[in-house]
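A short worksheet on the structure shown next.
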Amino acid sequence: MNNDQKLLKILGNKEVLALAFGAMIGWGWVVTTGLWITEAGSLGAILAFAIGGTLVIFVGLTYAELSSALPLAGGEHVYTYKAMGRTASFIATWAIILGYISVVAFEAVALPTVFEYLIPNYSQGYLYTIAGWDVTATWAGVGMVGSILITWINYRGIKFSTSIMFILTLLIAIAGILLISGSTVGGNVQNMQPLFEKGIAGILTVIIMTPFMFVGFDVIPQAAEEINLPQKKIGQLLIFSVLLAVVWYIAVIFGVSRILSPADIGESNLVTADAMAKAFGDSQMMGNILVLGGIGGILTSWIGFYVGGSRAIYALANAGMLPKSLGELHPKYKTPHKAILLIGLFSTVAPLLGRPALVWLVDAGGLGLVVAWLMVAISFIILRKKAPNMKRPFKLPGGTVIGWVAVVMAAGVSLLYMPGMPSALVWPYEWAIVGLWAVLGIILYKVSMAKYGKAYADEYMKKEIDRVA
4 MNNDQKLLKI LGNKEVLALA FGAMIGWGWV VTTGLWITEA GSLGAILAFA IGGTLVIFVG
64 LTYAELSSAL PLAGGEHVYT YKAMGRTASF IATWAIILGY ISVVAFEAVA LPTVFEYLIP
124 NYSQGYLYTI AGWDVTATWA GVGMVGSILI TWINYRGIKF STSIMFILTL LIAIAGILLI
184 SGSTVGGNVQ NMQPLFEKGI AGILTVIIMT PFMFVGFDVI PQAAEEINLP QKKIGQLLIF
244 SVLLAVVWYI AVIFGVSRIL SPADIGESNL VTADAMAKAF GDSQMMGNIL VLGGIGGILT
304 SWIGFYVGGS RAIYALANAG MLPKSLGELH PKYKTPHKAI LLIGLFSTVA PLLGRPALVW
364 LVDAGGLGLV VAWLMVAISF IILRKKAPNM KRPFKLPGGT VIGWVAVVMA AGVSLLYMPG
424 MPSALVWPYE WAIVGLWAVL GIILYKVSMA KYGKAYADEY MKKEIDRVA
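The sequence shown lines up with residues 4 to 472 when you count with the numbering used here.
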């Protein structure tokens, strides 16, 4: 690869933190906080996030060691290749691409949904109904315009994307701090009753949801080649971003449960916005500020997963595991522009499918993300045995113990998607998405291997790993 085909190494501390934290926070804290409190009680929900966050930190620690040891675009693609070879590398990366694309598509539906709070009844111009959901011209239009804007931002370069993410992350932080401080001062402990709801079952229900609230830290390894920091710092920032997200979610649950009683939560359509309004004397303007913070979360998550998805596609394409044209960099912006446009196509079409169809895609994508986490944790254990002398600037203590905890955690969450489990994927829709994605991957992999050859992939990967080793 010549120098013109290199990603720009320009991201500093604040851009990396904004990239990971912004991708993790998203929109979930605005719409789902009420559900967490209803399911587990105020203290139960806080405990669930403390436990779930701790489990994700274990997975994050394995990523932190590997991303600082092998700071190459594609993250999982590189770690799993070095540990388990070409086929495992493709499976892990293809699985996480499904996860990233599902989040990108979901954000294209989240944006028009939020507008209902700011502009009631704006959804007009009935088009058709999918799975009982009426798709309208204005509703789909908002999502499609947003998608085109986000595609353009990512197309223009990683520095441009992360600078916008940093500004939007500040907006999220301001909205969140206002909510937490206002409700802490204006609320009371009585509203937090019941502290626990449905006992252990309630806490477990919320724990199941937590991994998907933390998805996004894995965008740092995808962009590792564009980070201009000491290798050890990459691992430190990754873990710090996860800890920051754990504190964020717990603080939001605490604030909302202090200001809104269970009855208030039951009657609310957007719990965090209503909590913000009530904390400041039923101020609709303050509720709108919170929603603007939520829109900031949608946009940061949206941009972040474009970065993650496009770099994963770029890495596979350069290794000859996908069509090589997807690995081309823009001559001016040095972005994998064809990969970005491909994701942009998925994202722009998504609102036309309506909300229910997108929920199927997100659930299927969630399985893809957890499978990739599992394979990275396994790679961590294998590489401790297979490459004990590999330079590890961020080396974890305790041998492979942390890796085994991460494996158990990721495998346990993967099982929750299986038939017979409370959160099993819906048959046939969600399993059909997983099946079609797997078939598409097999076809593209076989065609690419036939065209470029296994020897090319192995030689390319060895050269890249040697470059940073």
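From the three backbone atoms N, C-alpha and C, an ideal C-beta is built for every residue, glycine too.
Quick one: grab the DSSP three-state call for residue i.
| i | result |
| --- | --- |
| Leu-130 | strand |
| Asp-137 | strand |
| Ile-230 | strand |
| Leu-329 | helix |
| Leu-10 | coil |
| Phe-283 | coil |
| Val-429 | coil |
| Ser-260 | helix |
| Asp-221 | coil |
| Pro-74 | coil |
| Ala-45 | For clarity, residue 45 is Ser in the given sequence; the question names Ala instead. In the structure shown, Ser-45 sits in a helix (DSSP, three-state: H, G or I). |
| Asn-5 | At Asn-5, the pLDDT of 45 sits below 50, so the modelled position is not reliable and the matter cannot be decided from this model. |
| Lys-236 | helix |
| Phe-199 | coil |
Report the residue from the options whose alpha carbon sits nearest the alpha carbon of residue i.
| i | options | result |
| --- | --- | --- |
| His-340 | Pro-359, Arg-89, Val-310, Val-365 | Val-310 |
| Lys-162 | Tyr-120, Leu-10, Trp-440 | Leu-10 |
| Glu-117 | Ala-266, Trp-32, Ala-427, Val-352 | Before going on, a small fix: residue 117 reads as Val here, not Glu. Nearest C-alpha to Val-117: Trp-32. |
| Leu-447 | Lys-17, Ala-91, Ala-43, Trp-97 | Trp-97 |
| Ile-151 | Ser-350, Phe-220, Ile-298 | Ser-350 |
| Ala-441 | Ile-99, Gln-287, Leu-263, Gly-296 | Ile-99 |
| Gly-296 | Ala-178, Gly-202, Ile-384 | Ala-178 |
| Gly-284 | Val-188, Gly-238, Met-216 | Val-188 |
| Ala-435 | Ala-414, Asp-267, Gly-323, Ala-360 | Ala-360 |
| Asn-194 | Ala-91, Val-362, Lys-281, Leu-293 | Lys-281 |
| Ile-237 | Ala-26, Val-429, Lys-17, Ala-458 | Lys-17 |
| Lys-481 | Gln-8, Met-279, Tyr-252, Leu-64 | One cannot answer for residue 481 here, as it falls past the ends of the chain, which runs 4 to 472. |
| Gln-225 | Ile-405, Gly-202, Pro-74, Val-107 | Pro-74 |
| Leu-355 | Gly-146, Leu-14, Pro-123, Gly-15 | Gly-146 |
Just reading off the alpha helix (DSSP H) that residue i is part of, what are its end residues?
| i | result |
| --- | --- |
| Phe-109 | 89-121 |
| Trp-434 | 432-455 |
| Leu-372 | 357-389 |
| Asn-16 | 16-28 |
| Ala-409 | 404-418 |
| Glu-270 | 265-270 |
| Phe-397 | Premise fails: Phe-397 is in no alpha helix (DSSP H) and is neither H nor E. |
| Met-216 | 202-216 |
| Val-188 | 161-189 |
| Val-192 | Here Val-192 belongs to no alpha helix (DSSP H), and DSSP marks it neither H nor E. |
| Lys-341 | 340-352 |
| Gly-31 | 31-34 |
To which residues of the same chain is residue i closer than 7 Å at the C-beta, ignoring the five residues directly before and after it?
| i | result |
| --- | --- |
| Pro-214 | Gly-55, Val-59, Val-373, Val-416 |
| Asn-6 | Only weak support exists for where Asn-6 lies, its pLDDT of 44 falling under 50; the value from the coordinates is given anyway. So the list is empty, once near-sequence residues are dropped. |
| Ile-206 | Ala-43, Gly-47, Leu-50, Ala-51 |
For residue i, collect the residues of the same chain with a Cβ closer than 6 Å to its Cβ; drop the 5 residues on either side in sequence, then sort them by chain order.
| i | result |
| --- | --- |
| Leu-370 | Tyr-420 |
| Ser-382 | Tyr-82, Thr-83, Ala-86 |
| Val-365 | Ser-105, Phe-109 |
| Gly-2 | Outside the shown range of the chain, which is 4 to 472, sits residue 2, and nothing can be said about it. |
| Tyr-103 | Phe-308, Gly-311, Gly-312 |
| Thr-154 | Gly-347 |
| Met-4 | With a pLDDT of only 45 at Met-4, under 50, the local geometry of the prediction cannot be trusted, and the value read off the model is given with reservation. Correct list: empty, nothing qualifies. |
| Val-437 | Ala-367 |
Taking 8 Å as the threshold (C-beta atoms), are residue j and residue i in contact?
| i | j | result |
| --- | --- | --- |
| Gly-357 | Trp-136 | yes |
| Ile-223 | Ala-380 | no |
| Met-66 | Leu-241 | Before going on, a small fix: residue 66 reads as Tyr here, not Met. Going by C-beta atoms, Tyr-66 is nearer than 8 Å to Leu-241. |
| Glu-200 | Glu-42 | yes |
| Ile-211 | Gly-29 | no |
| Gly-25 | Thr-132 | no |
| Ala-409 | Val-62 | yes |
Excluding the five sequence neighbours on either side, which residues of its own chain have a C-beta within less than 8 Å of the C-beta of residue i, listed in chain order?
| i | result |
| --- | --- |
| Ser-164 | Ile-156, Asn-157, Ile-306, Tyr-309, Val-310 |
| Glu-119 | Tyr-125, Ser-126 |
| Arg-395 | Glu-68, Ser-71, Ala-72 |
| Val-294 | Val-33, Val-117, Tyr-120, Leu-121, Leu-273, Ala-276 |
| Gly-402 | Arg-387 |
With respect to 7 Å, is the separation between the Cβ of residue i and the closest non-hydrogen atom of the ligand SAM below this value?
| i | result |
| --- | --- |
| Leu-443 | The model depicted lacks the ligand SAM and carries no ligand whatsoever. |
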